[in-house]
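Protein chains in written order, with the numbering used here: chain A, 1 to 597; chain B, 1001 to 1244. Worksheet: the structure to be examined is printed underneath.
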């Protein structure tokens, strides 16, 4: 009965919100006219421009010098020059090649796109000539494959255009129904008229999703029609349906993201300022679909926004593997559900609906999560601009500088700057001996956890071998490697992550949320997609140790032992391979580390 | 009908630090009376009323409206009140009648359309009922807003400075509505800093200043505290001291 009444309320709010919003001329322009006019034309113009550029490039004639002479295609012109690096560097020819004793030497200028094209053509011509001394060439013009190429080009840009329409449809609506209504006072009217805040939040979210979907649906339909009429490319019904299916969770995810952003903006003007990054950030992962070398794989299908974009590209260019498309659909749906959950939580808050509490009030309640993220961002920036520069000069010395010169001061300064008791926030207490012993045992088991997670990760993502090998040189004294790779990171990273970050994040939200957030930040700081999952797994255990013992010391012991074992493995003193020993270590680390944390 | 005990709400300001906007406030308002909540700007009147309307949560204390706790039974409290303040706006692209029907539906009125029509007639806004709210004058908009607060015929009315920006005629209509509500046994909490309005409407007053209740008494008793028998003098003595 209550659910029915709630659904009734939801229907009423959605109906009148839609009515109110559809009477806004700006909505109609953004939702219908923009996709109607701009995107199909822009897509078609882009498609034509790209086709013309490729045709122009194909027709351009480049100068080359080749010795001995080989038959060249019409778009390469042979110059009577001695092939060498000099004739290329002086600009006399675009590329040069000499064939001697069965070996081919090729010279080209990597700074010049023309030279790169000339090199490719020259290489192809020489290969062709050597394959058949008769050099009989047959050119087949296959109209269908040209159409395929055009379709592939269109499919590369379609996900970006569709995402853009999703965003443009959602963003203005979200700003209007959340930030705008708060400013106009209608949100308050609604709040005192309806039973629950959840109804208001759900209705707003549904309206944003609906506008986003309609906008992208119109864009998809018109884009498909434009390609069929203007480009002679006809999409199959299954391809349109597949794309539309992918658009639904994508629209929900986009609606969640922009609604969250709109909810965080204290007023409409701030919301407009936020609009640019909110539009830009989702387009970044989605742009992988426009880049060569990013196929839809079990791993890329899991990328937030990127997976769905690659799946749409695969569906549209006719290369879709339906299990992979389903995986992308599933992962995008999971992200959308997470987005809806986060939006519902945020929109239900008094501070968001009525802008009643500011950052000062948040801090007064002990909520320092934003400051924890800022600390992480500062650490990442310091690592990127200073740490990497130092490490490029001297790997281990640079690492030591990063830990002692960057991470440690940041860990100590963050709580001090915020006026918090440093020792208490960093959990600088000596733990009970049992907890220290637990840390040591867990530390011995942690390499097993990292190896096992890495092994599982290898099922979807092939990591390059020897990640640690790049850090170690055979001539480096082992004590120096242990200091820079085990002792200093154990102290400084633990103080930064399990001290400052966890210490700022842990109140008032749930303990496990704090541990997971810290683990993700810890994993991300290692700046490698291949190390993210193993280091995040270590981060979970280390965070749990810190929470359990209320001290950063057991984590320092465990972290130091884990890294020390890895260093010894790198020097060949230990064999660190995935297998039963590692699995046992992983299980022991999880049981001991996470027990009653 | 409204019982407030130890109600407290703090805000944090970057420059000013923690501000206690409402500091352990106690008062009550019964059915069939209009209680005036009097205080200068920034006294804590609006924060108190927003807590009673369940828009913001108290940090300490309790408040019961129509026998319902504002924290525990927030949804039912909202059903029991008609709330009007300077920050309760109207949907600009909906017509006056659509707004009334919208709120009537949300409040669970059995025949929302008929209820909206009845309020349009009662508040004499027929001529403007099909005009979108953005195009209404301030007075007309406030009339629609008052009708909106009454749409579900609630037993408790919480009106926060409802005459701001109104001309005499519309204000007069509002007073009539509130007097009718009192006669019908409803409980009205009415905030204002215009003493004339309070004298006309309120049988009892709660004077609030600096977030604290300075007096909770009958209108006659409060007036008798002033040497000249005027409410304004008694009010100034309470909030600024007798020498002011």
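Glycine is no exception: its CB is placed at the ideal position from the N, C-alpha and C atoms. None of the values given here were measured: they were computed from a predicted structure.
Whole-Å CB distance - residue 1201(B) paired with residue 1002(B), under 8 Å assumed: In the second chain, residue 1201(B) corresponds to position 201, counting from 1. In the second chain, residue 1002(B) corresponds to position 2, counting from 1. About 16 Å separates the beta carbons of residue 1201(B) and residue 1002(B), which is beyond the 8 Å limit, so they are not a contact pair.
Below-8 Å beta-carbon distance, residue 144(A) vs any chain B residue: Residue mapping note: residue 144(A) aligns to position 144 of the first chain, counting from 1. Since pLDDT at residue 144(A) reaches only 47, below the 50 mark, its modelled position is unreliable, and no value is offered.
Simplified DSSP state of residue 556(A), which is helix, strand or coil: In the first chain, residue 556(A) corresponds to position 556, counting from 1. Residue state, collapsed to three classes: helix.
Whole-angstrom C-beta distance between residue 1113(B) and residue 1144(B), which should lie under 8 Å: The count along the second chain starts at 1 and reaches residue 1144(B) at position 144. The count along the second chain starts at 1 and reaches residue 1113(B) at position 113. Wrong, their Cβ atoms sit about 16 Å apart, outside the cutoff.
For residue 569(A), the three-state DSSP class (helix, strand or coil): Start at 1 with the first residue of the first chain, and residue 569(A) comes out as number 569. Reduced to three states, the DSSP call for residue 569(A) is helix.
Beta strand (DSSP E) segment containing residue 1082(B), residue limits: Here residue 1082(B) is taken as the residue at index 82 of the second chain, counted from 1. For residue 1082(B), the uninterrupted beta strand (DSSP E) segment begins and ends at 1081-1084.
Contacting residues, own chain, Cβ-Cβ under 7 Å from residue 1060(B) (five flanking each side not counted): Mapped onto the second chain, residue 1060(B) falls at position 60. Closer than 7 Å at the Cβ level, and outside the excluded window around residue 1060(B), lie 1006, 1008.
Interface flag, residue 497(A) vs chain C, CB-CB below 8 Å: Structure shown: chain C not included; protein chains present are A and B.
Three-state secondary structure (DSSP) of residue 142(A): For this step, residue 142(A) is matched to residue 142 along the first chain. Caution applies to residue 142(A), whose pLDDT of 44 falls short of 50 and renders its modelled position unreliable; the value that the coordinates give is listed next. Taken through DSSP and simplified to helix, strand or coil, residue 142(A) comes out as coil.
Distance CB(residue 1231(B))-CB(residue 1198(B)) smaller than 8 Å: Translated into the one-based positions of the second chain, residue 1231(B) becomes position 231. Translated into the one-based positions of the second chain, residue 1198(B) becomes position 198. It is a contact, given that the beta carbons lie within the stated cut-off.
Extent of the continuous beta strand (DSSP E) run through residue 62(A): Counting from one through the first chain, the residue named residue 62(A) turns up at place 62. Where residue 62(A) is concerned, the enclosing beta strand (DSSP E) stretches over 62-67.
Minimum C-alpha distance to residue 323(A) - residue among 291(A), 296(A), 276(A), 338(A): Stepping through the first chain from its first residue, residue 323(A) is reached at position 323. When only C-alpha atoms are compared, the closest one is 296(A).
Contacts around residue 1181(B), its chain only, beta-carbon distance under 7 Å, and the 5 residues preceding and following it disregarded: The residue given as residue 1181(B) occupies position 181 in the second chain. Closer than 7 Å at Cβ, skipping near neighbours: 1157, 1188.
Beta-bridge pairing of residue 1175(B) - partner residues as DSSP gives them: If you number the second chain from 1, residue 1175(B) lands on position 175. DSSP output for residue 1175(B) lists no bridge partner at all.
Same chain only: Cβ atoms within 8 Å of residue 336(A), ignoring 5 sequence neighbours per side: Locating residue 336(A) in the first chain gives position 336, where the first residue counts as 1. Within the same chain, Cβ atoms closer than 8 Å to the Cβ of residue 336(A) are found at 249, 250, 252, 253, 256, the five residues on either side in sequence being excluded.
Inter-residue CB distance, residue 630(A) and residue 429(A) (contact presumed, cutoff 8 Å): Any question about residue 630(A) goes unanswered here, given that chain A covers just 1 to 597.
Buried versus exposed call for residue 108(A) [16 or more other C-beta atoms within 10 Å across all chains shown]: Here residue 108(A) refers to the residue found at position 108 when the first chain is read from its first residue. Burial is judged here by how many other beta carbons sit within 10 angstroms of a residue's own beta carbon; residue 108(A) has at least 16 and is buried.
Cβ-based burial, residue 1218(B) [other Cβ within 10 Å; buried from 16]: The residue labelled residue 1218(B) in the question sits at position 218 within the second chain. Under this definition residue 1218(B) is an exposed residue.
Positions along the stretch 156-188 of chain A whose CB lies within less than 7 Å of some CB in chain B: Only 184, 185, 186, 188 from the stretch 156-188 of chain A bring a Cβ to less than 7 Å from some Cβ of chain B.
Per DSSP, cross-strand counterpart(s) of residue 100(A): Locating residue 100(A) in the first chain gives position 100, counting from the first residue. Looking at the DSSP assignment, residue 100(A) forms a beta bridge with 103(A).
Burial state of residue 478(A) (16 or more Cβ within 10 Å): Within the first chain, the letter at position 478 stands for residue 478(A). Its Cβ having fewer than 16 others within 10 Å, residue 478(A) is exposed.
Bridge-paired residues (DSSP) for residue 1193(B): What you label residue 1193(B) is simply residue 193 of the second chain in a count that begins at 1. Residue pairing of residue 1193(B) in beta bridges, as defined by DSSP: absent, with no partner found.
Sequence-distant residues of its chain with Cβ nearer than 7 Å to residue 1170(B) (five each side left out): As a working mapping, residue 1170(B) is identified with position 170 in the second chain. Within the same chain, Cβ atoms closer than 7 Å to the Cβ of residue 1170(B) are found at 1139, 1142, 1143, the five residues on either side in sequence being excluded.
Through-space distance from residue 317(A) to residue 1106(B), alpha-carbon basis: Mapped onto the second chain, residue 1106(B) falls at position 106. Mapped onto the first chain, residue 317(A) falls at position 317. Rounded to the nearest angstrom, the two C-alpha atoms are 48 Å apart.
C-beta contact flag for residue 309(A) and residue 289(A) at 8 Å: Position 309 of the first chain, counted from the start, is the residue given in the question as residue 309(A). Position 289 of the first chain, counted from the start, is the residue given in the question as residue 289(A). Closer than 8 Å, so yes.
Residue interval of the beta strand (DSSP E) (run including residue 1038(B)): Position 38 of the second chain, counted from the first residue, corresponds to residue 1038(B). Unbroken beta strand (DSSP E) run through residue 1038(B): 1033-1038.
Residue from 104(A), 66(A), 71(A) with nearest C-alpha to residue 92(A): On the first chain, position 92 is the one that residue 92(A) refers to. The shortest C-alpha separation from residue 92(A) is found at 66(A).
Buried or exposed (CB count within 10 angstroms, at least 16 for buried), residue 76(A): If you number the first chain from 1, residue 76(A) lands on position 76. Around the C-beta of residue 76(A), 16 or more other C-beta atoms lie within 10 Å, and the residue is accordingly described as buried.
C-alpha gap between residue 519(A) and residue 533(A), whole angstroms: Residue 519(A) sits at position 519 when you count from the first residue of the first chain. Residue 533(A) sits at position 533 when you count from the first residue of the first chain. If I take the Cα positions, the gap works out to 10 Å.
Residues bridged to residue 288(A) [DSSP beta-bridge criterion]: Along the first chain, one-based indexing puts residue 288(A) at 288. Residue pairing of residue 288(A) in beta bridges, as defined by DSSP: absent, with no partner found.
Among 565(A), 513(A), 115(A), the one whose alpha carbon lies nearest that of residue 57(A): Along the first chain, one-based indexing puts residue 57(A) at 57. A check of alpha carbon separations from residue 57(A) across 565(A), 513(A), 115(A) identifies 115(A) as the nearest.
For residue 1157(B), the residue or residues it bridges with in DSSP: Taking the second chain and counting its residues from 1, the one referred to as residue 1157(B) is at position 157. Its beta-bridge partners are 1082(B), 1188(B).
Straight-line Cα distance separating residue 500(A) from residue 401(A): By one-based count along the first chain, residue 401(A) stands at place 401. By one-based count along the first chain, residue 500(A) stands at place 500. The straight-line gap from Cα to Cα measures roughly 19 Å.
6 Å CB neighbourhood of residue 85(A) in its chain, flanking five on each side removed: By one-based count along the first chain, residue 85(A) stands at place 85. Counting only Cβ-Cβ distances below 6 Å, and skipping sequence neighbours, we find 107.
Residue 437(A) Cβ short of 7 Å to the ligand NAD heavy atom set: This structure lacks the ligand NAD, and indeed carries no ligand of any kind.
Short CB-CB distance (under 8 Å) between residue 356(A) and chain B: The residue labelled residue 356(A) in the question sits at position 356 within the first chain. For residue 356(A), the predicted model reports a pLDDT of 46, less than 50, meaning its position is unreliable and no value from the coordinates is stated.
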